[in-house]
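A short write-up of the structure that comes next.
Residue numbers (the numbering used here): 35 to 370.
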């Protein structure tokens with residue numbers, strides 16, 4: 035007998051005039067501090083790559099190993115280790131100083147150069163006829179963390195290799211916090227391995243981060259410091275104009291959220307000891323932003339009337355003359 039597998043559900047609707055034009059479907063899970071599902075949409079067992087939404091997991095060994103303490107890393111550096119930043123000056127100057135602290139340079143990175151998303155940084159490169167460097171890569175903070183751990187371990191320079199001690203430590207942290215073995219990995223845009231899990235596994239990991247203050251073991255203490263750094267420095271986690279930054283500011287440092295490529299989004303909610311994971315199956319970021327904002331409103335941690343909530347839950351669609359011609363709306367299942 036064929037088992038019925040739950041199908042993805044509509045999470046964001048695109049309306050133009052009076053008609054529904056497009057629909058983005060996906061999966062989402064909320065887990066509690068015991069790792070149990072509080073609520074789910076779609077298929078909680080859907081296998082996904084968390085992409086950059088899992089950076090705080092990848093940063094755990096940086097703290098648990100003692101490397102963060104040894105190098106005196108600040109909360110700003112821990113936030114950057116979890117960041118997908120815009121490549122603005124506030125990001126690159128701090129990453130550059132971090133490399134100086136390690137006695138390393140841009141060539142020691144393995145993340146690749148990236149044209150910065152920050153408009154001022156982009157224009158500066160054009161005006162000065164410079165090419166982007168690896169520090170502009172949105173993942174350079176994570177890679178600075180990898181390099182710090184590499185030095186601490188006395189390991190070789192190819193820290194993105196799957197058999198490197200840094201990536202083995204990241205895999206161990208990933209499997210321990212998700213509560214399941216990862217069935218495999220792919221390489222992320224920054225060349226680091228990205229481990230697959232289920233939507234539930236990712237939400238379970240975020241709930242483990244959210245409840246870290248209830249425990250006193252080394253890993254939980256590390257998790258608490260990483261989530262706290264994200265909530266303290268939302269501008270470093272993403273940047274101006276980004277959903278992660280805007281929504282964390284709107285929640286006044288009470289919730290840590292993080293996007294990932296291909297429309298993944300997570301939330302760490304310490305006051306509720308809950309974790310959230312969202313995956314939109316067609317990879318549309320506008321839909322994952324709508325979904326995470328709607329879920330956060332539903333959980334009572336985001337004011338539905340806050341401009342940032344409105345910006346992502348139900349933003350207008352403007353044409354090239356700036357005239358409103360449609361809107362993005364949450365799927366009915368998310369608001370039920």
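In this text, a Cβ means the ideal position worked out from N, Cα and C, and glycines have one as well. It should be emphasised that the depicted structure is a prediction, and the values quoted were computed from it without experimental measurement.
Q | Beta carbon of residue 239 nearer than 8 Å to that of residue 212 | A | Taking 8 Å as the Cβ cut-off, residue 239 and residue 212 qualify as a contacting pair.
Q) Between residue 155 and residue 311, which are expected to be in contact by the criterion C-beta below 8 Å, what is the C-beta distance as a whole number of angstroms? A) Actually they are not in contact, since the Cβ atoms of residue 155 and residue 311 sit about 31 Å apart, beyond 8 Å.
Q: Verify whether the separation of the beta carbon atoms of residue 299 and residue 325 is less than 8 Å.
A: In contact: residue 299 and residue 325 (Cβ atoms closer than 8 Å).
Q) Could you check where the alpha helix (DSSP H) with residue 324 kicks off and where it finishes? A) According to the DSSP assignment, residue 324 belongs to the alpha helix (DSSP H) that extends over 319–332.
(Q) So, at 6 Å on beta carbons, what are the nonlocal neighbours of residue 144 in its own chain, with the 5 sequence-adjacent residues on each side left out? (A) Excluding positions up to five away in sequence, the list reads 194, 225.
Q. Do you know how far the Cα of residue 147 is from the Cα of residue 353?
A. Residue 353 and residue 147 have their alpha carbons spaced roughly 33 Å apart.
Q: With a threshold of 16 other CB atoms inside 10 Å of the CB of residue 323, please say whether the residue is buried or exposed.
A: Around the Cβ of residue 323, a 10 Å sphere holds 16 or more other Cβ atoms; the residue is buried.
Q: Look at the alpha carbon of residue 123 and the alpha carbon of residue 336, and state the distance between them as a whole number of angstroms.
A: Here the alpha carbon of residue 123 sits roughly 29 Å from the alpha carbon of residue 336.
Q: Indicate the three-state DSSP secondary structure (helix, strand or coil) for residue 156 in the structure shown.
A: Note: residue 156 maps to helix in three-state DSSP.
Q: Look up residue 180 in the DSSP assignment and say whether it is helix, strand or coil.
A: Here residue 180 sits in helix by DSSP.
**Q.** Own chain residues within Cβ distance below 7 Å of residue 295, not counting five before or after
**A.** So the list reads 85, 86, 223, once near-sequence residues are dropped.
Q. The alpha helix (DSSP H) spanning residue 381 covers which residue range?
A. Lying before the first or after the last residue shown, residue 381 is absent from the chain, which here runs from 35 to 370.
**Q.** Length of the line joining the Cα atoms of residue 302 and residue 51
**A.** Between the C-alpha atoms of residue 302 and residue 51 there is a straight-line separation of about 36 Å.
Q) Expressed to the nearest angstrom, what Euclidean distance is found between the alpha-carbon atoms of residue 284 and residue 190? A) Between the C-alpha atoms of residue 284 and residue 190 there is a straight-line separation of about 42 Å.
Q. Taking the DSSP output, what are the residues bridged to residue 252?
A. Paired residues: none, contrary to the question.
**Q.** Nearest to residue 214 (by Cα), restricted to the options 332, 79, 101
**A.** Distance from the Cα of residue 214 is smallest, within the candidate group 332, 79, 101, for 79.
**Q.** Candidates 166, 343, 265, 292: closest to residue 236 by CA position
**A.** Nearest neighbour of residue 236 by Cα position, chosen from 166, 343, 265, 292, turns out to be 292.
Q) What number of angstroms, rounded off, separates the C-alpha of residue 248 from the C-alpha of residue 206? A) If you take the alpha carbons of residue 248 and residue 206, they lie about 22 Å apart.
Q: Taking 8 Å as the cut-off, decide whether the C-beta atoms of residue 217 and residue 230 are in contact.
A: Yes, these two residues count as a Cβ contact at 8 Å.
Q. Thinking C-beta only, is residue 97 closer than 8 Å to residue 76?
A. No, the pair does not count as a contact, with Cβ atoms beyond the cut-off.
Q) Helix, strand or coil: how does DSSP classify residue 90 here? A) Per DSSP, reduced to three states, the secondary structure at residue 90 is helical.
Q. Under the rule that 16 or more other beta-carbon atoms within 10 Å means buried, what is residue 38, buried or exposed?
A. Label assigned to residue 38: exposed.
Q: Compare the beta carbon distance of residue 307 and residue 250 with 8 Å and say whether it is the shorter of the two.
A: Result no, Cβ atoms of residue 307 and residue 250 do not sit closer than 8 Å.
Q. The alpha helix (DSSP H) with residue 199 in it runs from where to where?
A. Element bounds for residue 199: 199–212.
Q: State the DSSP-derived secondary structure class of residue 231, mapped to helix, strand or coil.
A: The answer is strand: DSSP assigns residue 231 an E or B state.
Q: Confirm, please, whether the CB-CB distance from residue 46 to residue 270 is below 8 Å.
A: No, Cβ-Cβ distance for residue 270 and residue 46 is not below 8 Å.
Q. Under 8 Å, do residue 115 and residue 176 count as touching if we go by C-beta distance?
A. Cβ atoms of residue 115 and residue 176: closer than 8 Å.
Q. Whose C-beta lies closer than 8 Å to the C-beta of residue 282 among residues of the same chain, with five residues either side of it excluded?
A. Answer for residue 282: 264, 265, 268, 271, 289, 290, 291, listed in chain order.
Q) Roughly how many angstroms separate the alpha carbons of residue 241 and residue 91, rounded to a whole number? A) Rounded to the nearest angstrom, the gap between the Cα atoms of residue 241 and residue 91 is 12 Å.
Q) Which full runs of the alpha helix (DSSP H) of 4+ residues lie inside the segment 39–121, going along the chain? A) Considered as a whole, the segment 39–121 harbours 89–92, 94–98, 101–104, 109–115 as its complete alpha helix (DSSP H) runs of no fewer than 4 residues, in chain order.
**Q.** Reduced DSSP category for residue 364 - H, G, I as helix; E, B as strand; rest coil
**A.** Of the three classes helix, strand and coil, the one that applies to residue 364 here is strand, per DSSP.
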